[in-house]
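Taking it in order: structure first as structure tokens, then the write-up.
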Amino acid sequence: MTAGLAVVLVLLCAVGALMGFRDAPNAAALPVRYRALTPRGALLLTGAVNTVGALLGIGLITLSVHYFTSPAVRSEIGPLAVGVSCAVTLVWGLLLWWRRLPSSSTHALISALAGSHLAVRLSLDVDVAHTIFDLVRAEVLLSLLLSPLIAWALARLLTAPAMRLATRGTTVNVQHRARVALGISASAMAMGHGLQAGQRMGVLWAAVLVGSGSVLAPDALTAEFVGGAFLFAFAVGLGTLGGAWRIAWTLTERLVRLDPLRASVAAVIPAGLLFVGSLVFHLPLSSTHTATAAIVGAGQTQTYASVRWPTVLRVVGWWVLTPVACALLGLLGTLALVPLA
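Numbering-wise, numbering that gives the first Met the number 0 puts 337 at position 338 of the sequence shown, and it's gapless, one number per residue.
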């Protein structure tokens, strides 16, 4: 493995650790808040399941690895573009974590890649296969834009009937059902997030290896690809153990104050969407956006005004700013480094 590939792999693993760190609250915050799991138990559980999910996600990508031998991909995505995009994602993710804001590493990474692609085209006048690029871009944009709206709508629609079904019996039984649902949702969310993260890493790492001249095929994967896959999965699990409780506090206290039953509904919906996005449509979804939207949707079903709209609008404003800022940073960073490369 060359020094350039090693640097890119380190950056990819750093992004994986950041994804695990920032997205840990999506799986663990509600179960911990309502005492379905202890903080340590929740992080150990989600970290282990995240690691397994990342490996499974990368394994699914290898079934279509022949796509990365395409000349279009080889010319568009190279080690330089991926490295710059990873660096932008790391900086932006840490900035928003420090500000206690739940945001999507997926949006940041894809936007930075788009900016880097544009920089490569401007600098090197590389032809782009418009049919492939436009199709993928349309699918990605629709999935990232619509998934929070779908999560919010499902939470609004399903919370009321779920409450009617779950509140039958004694108070002790009701609380027990809510905690069981929250514990199951933590595992499901972590697995869905791992699948999503693994698929993204598989795409980028395979593209980088093909761009550097490696030959990848489903029956002849290189040692660099397999080794990178295990390192990335381990990084995701290790990052999850960090917890990012600053973001967890925003999700459970600053956005909405939910009761345990509504919290269980809000936790189950994004987990289901992640599985559908990964296994059915093979599209990137943001666990942060879907989880936040589901929490707000469930909170709106309460009889009193529990949603703190100034905080919600502030979070959404940063969501809108993320693709613009990351695409611009990816563009400028790649333009600056292309002459050196």
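No residue lacks a Cβ here, since even glycine has one placed at the ideal position from N, Cα and C.
Suppose contacts are defined by Cβ-Cβ distances below 8 angstroms. Is residue i in contact with residue j by that definition?
{"i": "G46", "j": "T239", "result": "yes"}
{"i": "P283", "j": "I57", "result": "no"}
{"i": "R178", "j": "P309", "result": "no"}
{"i": "S263", "j": "S103", "result": "no"}
{"i": "L254", "j": "H192", "result": "no"}
{"i": "S266", "j": "P147", "result": "Reading the sequence as shown, one finds Ala at residue 266 and not Ser. No."}
{"i": "G276", "j": "L55", "result": "no"}
{"i": "F231", "j": "G3", "result": "no"}
{"i": "T321", "j": "W96", "result": "no"}
Can you grab the Cα-Cα spacing for the pair residue i / residue j, in whole Å?
{"i": "V173", "j": "R167", "result": "7 angstroms"}
{"i": "P70", "j": "P30", "result": "For P70, the predicted structure reports a pLDDT of 44, less than 50, and the residue's modelled location is therefore unreliable. A value from the coordinates is still provided. Each residue's alpha carbon lies about 46 angstroms from the other."}
{"i": "L153", "j": "A270", "result": "12 angstroms"}
{"i": "R176", "j": "R307", "result": "27 angstroms"}
{"i": "G298", "j": "L257", "result": "6 angstroms"}
{"i": "I294", "j": "T251", "result": "9 angstroms"}
{"i": "F67", "j": "V207", "result": "Caution is warranted here: a pLDDT of 42 is assigned to F67, below 50, making its placement in the model unreliable, and the coordinate value is therefore given only provisionally. About 9 angstroms."}
{"i": "L79", "j": "L336", "result": "8 angstroms"}
{"i": "V7", "j": "V81", "result": "7 angstroms"}
{"i": "W151", "j": "G296", "result": "5 angstroms"}
{"i": "L157", "j": "T169", "result": "22 angstroms"}
{"i": "V72", "j": "T333", "result": "Because the pLDDT of V72 is 42, which lies under 50, any placement of that residue in the model is unreliable, and the number read from its coordinates should be weighed accordingly. Roughly 17 angstroms between the two C-alpha positions."}
In or out: residue i buried (at least 16 other Cβ within 10 Å) or exposed?
{"i": "V319", "result": "exposed"}
{"i": "P338", "result": "exposed"}
{"i": "A222", "result": "exposed"}
{"i": "D133", "result": "With a pLDDT of 47 at D133, under the threshold of 50, the predicted position of this residue should be treated as unreliable, and no value is reported."}
{"i": "Y33", "result": "buried"}
Looking only at its chain, what residues have a beta carbon closer than 6 angstroms to the beta carbon of residue i, apart from the 5 residues adjacent to it on each side?
{"i": "V87", "result": "A111, C325, L328 and G329"}
{"i": "A26", "result": "T45, A185, M188 and A189"}
{"i": "P24", "result": "A243, I246, A247 and L250"}
Among the options, whose alpha-carbon lies nearest the alpha-carbon of residue i?
{"i": "L36", "options": "A243, I183 and G296", "result": "I183"}
{"i": "L384", "options": "T170, A26, G227 and P38", "result": "The first residue shown for the chain is 0 and the last is 340, placing residue 384 beyond what the model contains."}
{"i": "H106", "options": "A26, A335 and T289", "result": "T289"}
{"i": "G345", "options": "R261, G236, L278 and T302", "result": "This structure gives no information on residue 345, because the portion of the chain shown stretches from 0 to 340."}
{"i": "L312", "options": "P101, G92 and S122", "result": "P101"}
{"i": "F280", "options": "F233, L143 and L117", "result": "L143"}
I'd like to confirm something about residue i: is its beta-carbon nearer than 7 angstroms to some heavy atom of the ligand SAH, or not?
{"i": "L257", "result": "The ligand content of the structure shown is nil, which means the ligand SAH is not present either."}
Please work out which residues of its chain come closer than 7 angstroms, Cβ to Cβ, to residue i, disregarding the five sequence neighbours upstream and downstream, and give them in chain order.
{"i": "F350", "result": "Only positions 0 to 340 of the chain appear in the structure, and residue 350 is not among them; the question remains open."}
Within the same chain, show all residues whose beta-carbon is closer than 8 angstroms to that of residue i, passing over the 5 residues directly before and after it, in chain order.
{"i": "L89", "result": "L10, A13, V14 and L17"}
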